[in-house]
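Student:
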Amino acid sequence: MAAPRYLTTPQGRRIAYHLSPGTAPGVVFLGGFKSDMEGTKALHLQAWAEARGRTFLRFDYSGHGQSSGKFLDGCIGDWAEDAAAAITELTEGPQVLVGSSMGGWISLLMCRRLGAKVAGLVGIAAAPDFTEDSMWAGFDAAQRRALETDGQVALPSDYSDDPYIITRRLIENGRDHLVLRTPLSLPFPVRLLQGTDDTDVPQAVALRLLAHLEGPDIRLTLMKGADHRFSTPECLALIEAALIEVLEAAA
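For this note's numbering, count along the sequence shown from 1 and bump the result up by 185.
1. Inspect the beta-carbon positions of Ile-424 and Ile-309 and report whether they are closer than 8 Å.
2. If we ignore side chains and look at the alpha-carbon of each, how far apart do Ala-269 and Val-213 end up?
3. Any contact between the stretch 222 to 237 and the stretch 194 to 207? By contact I mean 3 or more CB pairs, one from each, below 8 Å.
4. Are three or more beta carbon pairs between the stretch 341 to 350 and the stretch 360 to 375 nearer than 8 Å?
5. Excluding five sequence neighbours on each side, which residues of the same chain lie with their C-beta closer than 6 Å to the C-beta of Val-338?
6. Just list the residues that DSSP pairs Ala-339 with in beta bridges.
7. May I ask you to verify whether the stretch 297 to 309 touches the stretch 237 to 253, counting CB pairs closer than 8 Å and requiring at least 3?
8. List the endpoints of the continuous alpha helix (DSSP H) containing Val-431.
9. Please state whether DSSP places Gln-196 in a helix, a strand or coil.
10. For Met-287 and Ile-272, which I take to be in contact (beta-carbon distance under 8 Å), what is that distance rounded to the nearest angstrom?
11. Thinking C-alpha only, which one of Asp-314, Asp-318 and Thr-276 is nearest Leu-299?
12. Hey, Arg-360 and Gly-336 are a contact pair by Cβ (cut 8 Å); roughly how many whole angstroms apart?
13. Are there 16 or more other CB atoms within 10 angstroms of the CB of Leu-340, so buried, or fewer, so exposed?
14. Which first and last residues belong to the beta strand (DSSP E) in which Arg-297 is found?
15. Spatial neighbours of Trp-321 within its chain, please: C-beta separation below 6 Å, excluding the five flanking residues on both sides.
16. Determine the closest residue to Thr-240 out of Ala-232, Gly-254 and Gly-211, with distance taken between C-alpha atoms.
17. Roughly how many whole angstroms lie between the Cα atoms of Glu-317 and Ser-292?
18. Does the beta-carbon distance from Leu-398 to Leu-369 come in below 8 Å?
19. Buried or exposed: where does Ala-326 fall if 16 or more other Cβ atoms within 10 Å of its Cβ makes it buried?
20. Please go through the same chain and pick out, in chain order, the residues whose beta-carbon is closer than 6 Å to the beta-carbon of Asp-142, but skip the five residues on each side of it.
21. In chain order, what residues of the same chain lie with their CB nearer than 6 Å to the CB of Lys-409, ignoring the 5 residues before and after it?
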């Protein structure tokens, strides 16, 4: 695997990325919380895009993967800044965003921030507003006190023996970037993909997002039995099909 290149953002963070040249509209993959650009979906979509001569960008947010910074120092606002810098400085022309989990939230923030630069969206188990509606809403009184007094709280992870450390800054900054509290109009094709066995982002979140979004071409597909990873061959094929639909409509 080739070594990543690096982009220095206006905030001084070094963002690791891989960019495959090709035709527009390009495809940008935005990963999830505490994930990185070496995951199954990102690598599969890069190979898919390269085989079709399509521009493809994947990158690590600060504090993730091979980018600079510490994960515990980051928050939604920082990672949205990273994404905006990567998309605006590394790509040319319109882009279709593929956002996985937290990347779905970041993608929606990019739709607001980048305007016509975004030509379409594919959300995979998109998790908008999860710091407020999942984390904060799920904390008991003791966890909320710990967050206030200690500045952080530990949550168990299904993907690692190490717990997730959730910081007060993550929760408080998340409130400044919520997308489900005000109207969100998306004038381009949107495909939302969701597994029915996803225990991290329940399908109720996808249904809420579908109901909230406004636009002429917005569809939700439920994959029975799929979990949050959404990385089985069947799930990857569904992502490809959704991406083809969006690209054809955006071309």
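Backbone N, C-alpha and C define an ideal beta-carbon position, used for all residues, glycine too.
Tutor: Judging by the given coordinates:
1. yes
2. 11 Å
3. yes
4. no
5. Gln-328, Ala-331, Leu-332 and Ile-351
6. Ile-350
7. no
8. 418 to 435
9. coil
10. With 8 Å as the limit, Met-287 and Ile-272 do not qualify as a contact, their Cβ atoms being about 16 Å apart.
11. Thr-276
12. That belief does not hold up - the Cβ atoms of Arg-360 and Gly-336 are roughly 16 Å apart, past 8 Å.
13. exposed
14. Not the beta strand (DSSP E): Arg-297 falls in the alpha helix (DSSP H), residues 287 to 299.
15. Ile-356
16. Gly-211
17. 17 Å
18. yes
19. exposed
20. The chain is shown from 186 up to 436; residue 142 falls before or after that span and cannot be answered.
21. Thr-381
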